[in-house]
Amino acid sequence: MENIKVSVIVPIYNVEAYLPRCIESLINQTLQEIEIILVNDGSPDNSQSIIEHYASLYPNKIVSLIKENGGLSDARNFGIDYAKGEYISFIDSDDYVDETYLEKMYNRAIESHSEIVVCGYYGVNEIEGTYKWLQKGNTDIYNTDLLNSPTLIHNNSPYAWNKIYHRSLFERTNIRYPKGWIWEDIPTTYPLLACANKISKVDEPLIYYVLKREGSITATYSRKQLQLFQSLELLLERFKELGVFEEFYEELLFINMRHIIFRFKEFVKYRDFKMKYKFVKDGFKHLDTFFPGWRKSPYYFTYYDVNQPFKQWRMKSKIYWYYVILIPNFIHHFFAKVSSFTKKLKKLFSQNNFVKYIYAHYLKYGVLDEKAVLFESFHGTTLSDSPFYMMKELHESGKNMKIYFTTQHYETHKKMIDDYGFDVELVKLNSFRYAKVLATSKYLVNNVSFPPYFMRHKNQKYLNTWHGTPLKTLGKKMVQGIEDMSNMQRNFLHCTDLLYPNDFTMAHMMEDYNLFGLFTGKTIVSGYPRNSIFMDVEKAKRTRMNFHLEDKEVFAYMPTWRGTQSNVAVNELYAKDVNAILERLDQELNDNQILFVNLHSLVKDDVPVDGYKHIFPFPNIDNYEFLNCVDVLISDYSSVFFDFSITKKPIVLFMYDYEEYMSDRGTYFDARTLPFEKIYTLDKLVEYIHLENKGVHNYDGLNDYYLQFNQYDSLDCTQKLNEYFFDDNQNDLQVFDYSYNKDVHHTLYFAPKIVKREDYNQLREIHQLKNPVIVFMKSQFNYLLRESLLYEYNDKVDYIIVKQSIAYTLFERIKIGLSKYLPFIKIERLQMRAFDNLLPNIIIDEIEYRKNPSCFLQRVFKAFSTINKK
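Going from the sequence shown to this note's numbering is simple: count from 1 and add 186.
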């Protein structure tokens, strides 16, 4: 075959039971221009006949090689000499790969001009049927070389098989795997990384690495373990030959410490005292010889967040590890069980769980306070947004109501409440008081979501106002993070009322959280209470005077959040971007210009807005009350520009990461079509700030824009909404009733795990079920499931995403725990609470699942079956 893009080298020894699976996963690759080099390393089993069978079927794709047994390293080296591909990949013969593995890796290599590309992988336990995504994230450190990103060393596994390498790397360095050694990857992979011009990543688990399988032999602590030190010495020797030992001294120390200390921690698995003693002796000798003074380096301990001096001393002390190996293993195991039991007890009686117990108690036994209302905005991080304006209107109306507002910043918010003169009790989020108020208040108002343990009492009224017209995709339309919608979707389903500011928002929110077929309350289409302030010109003038801004040109910067709730690396990178933007703008603003910044609550703590000359955080009043007085809004993909546009003042969409954001998140429509100023570089933003005339231009489509997004805004929309929610007075509001969904009978389908592409087929049977609703556990989500939903099932079926957090009292929780050991304790009724928690008011006729349901789903299924039989 000409123009071979990737040569895949598969060393083979004694794996006849697993070899066909491995070969077929390579034959079925979506990248066609490959060769599969099968190296029979003198295997005594039936592997050669399997090789010959596939070679006869695919003579243009498979290269069959036979050699005397020399071990894994020797087989890999043997295959390298025969490889003709532009890139080389290594796959172990008992593992297998995703069908898109080589295509995605090769394409990333070509588009990024990288000599090495790495990917994530699944750690597969075939005995328990579990799959764990390993080597996930940290994408911000890639697309460069090792000198510019040294952390690539210790953030990468040394495995040969989750990478592809440009063949020239082996040719120009002559680096090969040390023959006959274990730990052969350590002195090979890291030097190759150091030689590569660039290292990139495909952040998907494309390889199935079998950790445990039937018939596998438990590892023993043999003398071969001591070859670790040979491998580590060869690693250091190769870095010295490359002339980069000093540049990577700390990273190499980290690798050496990690491999040695990890082996120390595994001592409890083995019985050979002499071997363990020698390993400790040689391990400390190795570190003392090659890294004098290593005990003073904080690198390793900082990375693993080991801050306590005593714990650090233990790890660095030879005496401590000698003490560890002297204690019999059964004692280690005993204390491990005691420690595990103690942790469970601490968790059972932790404050977070006690809040849930108290909440469940008042939900079950408490009496609703007909005059109480709890408002909450952005999980208590602010007193703002539509809940704040509803609270303000309610307070000023003179109604005899007990008003509560959730807070996470009590002192700041108490001062704000006192300054306004409101008679409002602040309740700290997830406090005992909060649990009682949440469970017993007749009225609940939120613009995001209540905690995962929340479950609306049947006589409570719950209005969710959300917090903006969406530009960026939400719920099931998100390219990344569909699973993060679990609690938000559940909150929506518990609502009696949902507020939307326009028809556009209602259509997308109802569709993208699967509410059309599952929601049983009412929706209201009306202007947001928070937007009324933008029609109050006199109020804007008074605000400017109060903050001495009369002679200033005032900008507000309110960017959207780029991160996800589960990706810390992405969030940290976004925080760095914002810091860099603020530093530049502070240098460019003149003394007559001020920039006020309000960041998303999930990034505020990472980007402190202080120490600047011309930049300040929003003052301690309602955000929109202050925003009403500014001259120019600078945003990006945040919904705030929809609201601010009511003022008819200039709006700048600063979309410096437009292409990246579109690929990672996506929007409902192209932001570039909006009738506002669009800026894509920081330099252009600086030029705009220096302009004297920033008036609103007569952009094409401006009138159509206002008609689509702002037609329902009015000065009295807050009053009308309050009268509707608290007094059942509909006025002239547009209200849509979805209570008919209470009469629809559904089949609940517990989705199987989707870890391989053929698992897709199991979802197809849902079309045969009666009004199916798929249940996905949040923990099930991976890139394959997201891909399946986004491109095949999103528009075909309703589904909910579950993260187990059901409210039980302390007695109920203990009862559930004891039922595991005392079968006569019946808990089916408690387990059935899951249905009220996840799908309130929905009729479930039957439950279906095929295989591998989680323990939680199994319990729910059992409870449903037991009670239905009765």
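Virtual Cβ for every residue (Gly too), placed ideally from N, Cα, C.
Small disclaimer: the values here were computed from a predicted structure and weren't measured.
Ignore the nearest five residues each way along the sequence and tell me which others in residue i's own chain have a CB closer than 8 Å to its CB.
i, result
"Leu704", "Leu679, Asn927, Val959, Asp984, Ile986, Leu1025 and Ile1028"
"Ile190", "Glu219, Ile220, Glu221, Lys270, Gly271 and Glu272"
"Ile1011", "Lys1001, Leu1004 and Ser1005"
"Asp609", "His581 and Ile589"
"Asp772", "Leu781, Tyr798, Lys799, His800 and Ile801"
Assuming contact is defined by CB atoms lying nearer than 8 Å, are residue i and residue j in contact in what I supplied?
i, j, result
"Val165", "His518", "A question about residue 165 goes unanswered here, because the residues of the chain that appear run from 187 up to 1056."
"Phe465", "Leu397", "no"
"Asp808", "Phe574", "yes"
"Asn650", "Thr729", "no"
"Gly257", "Ile223", "no"
"Ser910", "Ile710", "Contrary to the premise, residue 910 reads as Tyr rather than Ser in this sequence. Yes."
"Glu611", "Thr592", "no"
"Ser259", "Val194", "no"
"Leu421", "Pro373", "yes"
"Val541", "Asn616", "yes"
"Ala993", "Leu554", "no"
"Tyr898", "Ser712", "yes"
"Ile248", "Ala241", "yes"
How far does the beta strand (DSSP E) with residue i in it extend, from its first residue to its last?
i, result
"Asp869", "Counting along the chain, Asp869 falls outside any beta strand (DSSP E), though it belongs to the alpha helix (DSSP H) covering Leu868 to His876."
"Glu432", "Counting along the chain, Glu432 falls outside any beta strand (DSSP E), and DSSP gives it neither H nor E."
"Leu1025", "No beta strand (DSSP E) holds Leu1025; DSSP gives it neither H nor E."
"Phe591", "Lys588 to Thr593"
"Tyr742", "Just to set this straight, residue 742 is Ala in the shown sequence, not Tyr. Here the beta strand (DSSP E) through Ala742 covers Glu739 to Tyr743."
"Glu611", "Glu611 to Lys614"
Cutting at 7 Å between CB atoms, please list the residues of its own chain near residue i, excluding the five before and the five after it.
i, result
"Leu205", "Ile198, Ser233, Ile236 and Ser279"
"Ser343", "Gln321"
"Leu439", "Phe477, Trp480, Ser483 and Tyr485"
"Gln954", "none"
Among the candidates the options, whose CA atom is the shortest distance from the CA of residue i?
i, options, result
"Val826", "Leu397, Tyr743, Asp772 and Cys815", "Tyr743"
"Glu289", "Asn263, Lys247 and Ile350", "Ile350"
"Glu297", "Lys387, Ala558 and Asn784", "Lys387"
"Arg1019", "Ile1002, Tyr1035 and Leu1008", "Ile1002"
"Lys462", "Tyr506, Asn383 and Pro836", "Tyr506"
"Asp792", "Asp777, Phe804, Ala621 and Asn765", "Asn765"
"Glu556", "Ser570, Thr626 and Lys497", "Thr626"
"His581", "Val559, Trp499 and Gly566", "Val559"
"Tyr714", "His340, Ile832 and Glu210", "Ile832"
"Glu739", "Leu768, Leu781 and Phe356", "Leu781"
"Tyr287", "Asp326, Asn348 and Leu871", "Asn348"
"Trp369", "Ala346, Val304, Ala380 and Ile361", "Ala346"
"Gly932", "Asn947, Ile1033, Tyr946 and Ser536", "The sequence given here has His at residue 932, not Gly. When only C-alpha atoms are compared, the closest one is Ile1033."
"Ser229", "Ile801, Asp1031 and Ala261", "Ala261"
"Asn226", "Met696, Lys497, Asn263 and Thr867", "Asn263"
At least one CB of chain E closer than 8 Å to the CB of residue i: is that the case?
i, result
"Asp281", "In summary, chain E is missing from the structure at hand, where a single protein chain is found."
So the alpha helix (DSSP H) residue i belongs to, where does it begin and stop?
i, result
"Lys290", "Tyr287 to Ser298"
"Asn376", "This sequence places Tyr at residue 376; Asn is not what is there. Ile372 to Cys381 is the span of the alpha helix (DSSP H), which, as asked, contains Tyr376."
"Val723", "Val723 to Asn732"
"His519", "Asn515 to Leu534"
"Ser193", "No alpha helix (DSSP H) holds Ser193; the beta strand (DSSP E) holding it covers Val192 to Ile198."
"Asp210", "For clarity, residue 210 is Glu in the given sequence; the question names Asp instead. Counting along the chain, the alpha helix (DSSP H) containing Glu210 begins and ends at Leu205 to Ile213."
"Gly552", "Looking at the DSSP string, Gly552 is not in any alpha helix (DSSP H), and its letter there is neither H nor E."
"Ile1011", "That residue, Ile1011, is in no alpha helix (DSSP H); it is neither H nor E in DSSP."
"Thr567", "Counting along the chain, Thr567 falls outside any alpha helix (DSSP H), and DSSP gives it neither H nor E."
"Val466", "Phe459 to Phe476"
"Leu512", "Lys504 to Leu512"
"Gly1003", "Leu996 to Ser1005"
Sorted by chain position, which residues of the same chain lie with C-beta nearer than 6 Å to residue i's C-beta, five sequence neighbours on each side aside?
i, result
"Gly661", "Met671, Asp698 and Tyr699"
"Leu473", "Trp480"
"Val201", "Ser279 and Asp280"
"Phe967", "Glu669"
Below 7 Å, is the gap between the Cβ of residue i and the nearest heavy atom of the ligand ADP?
i, result
"Asp1031", "The ligand ADP is absent from the structure shown, which contains no ligand whatsoever."
Continuous alpha helix (DSSP H) assignments of at least 4 residues falling wholly in the stretch 892–980 = 903–913 and 969–974, all fully within the stretch 892–980.
At 3 residues or longer, and completely inside the stretch 625–678: list those beta strand (DSSP E) runs for me, N to C.
-> Qualifying beta strand (DSSP E) stretches, in chain order: 627–632 and 647–650.
Within the stretch 230–277, ranges of the alpha helix (DSSP H) (whole runs, at least 4 residues) = With a minimum length of 4 residues, the continuous alpha helix (DSSP H) runs that stay inside the stretch 230–277 are 233–243 and 258–268.
In the stretch 839–868, which residue ranges form an unbroken beta strand (DSSP E) of at least 3 residues, counting only runs that do not cross its ends?
-> The stretch 839–868 is shown to contain whole beta strand (DSSP E) runs of 3 or more residues at 863–865, in chain order.
Where in the stretch 747–831 do unbroken runs of the alpha helix (DSSP H), each at least 4 residues long, occur, reported from the N-terminal end onward?
-> 754–774, 809–813 and 826–830, all fully within the stretch 747–831.
Output the residue ranges of the alpha helix (DSSP H) runs that lie fully inside the stretch 314–371 and measure 4 residues or longer, sorted by chain position.
-> At a cut-off of 4 residues, the continuous stretches assigned as alpha helix (DSSP H) that sit fully inside the stretch 314–371 are 353–359.
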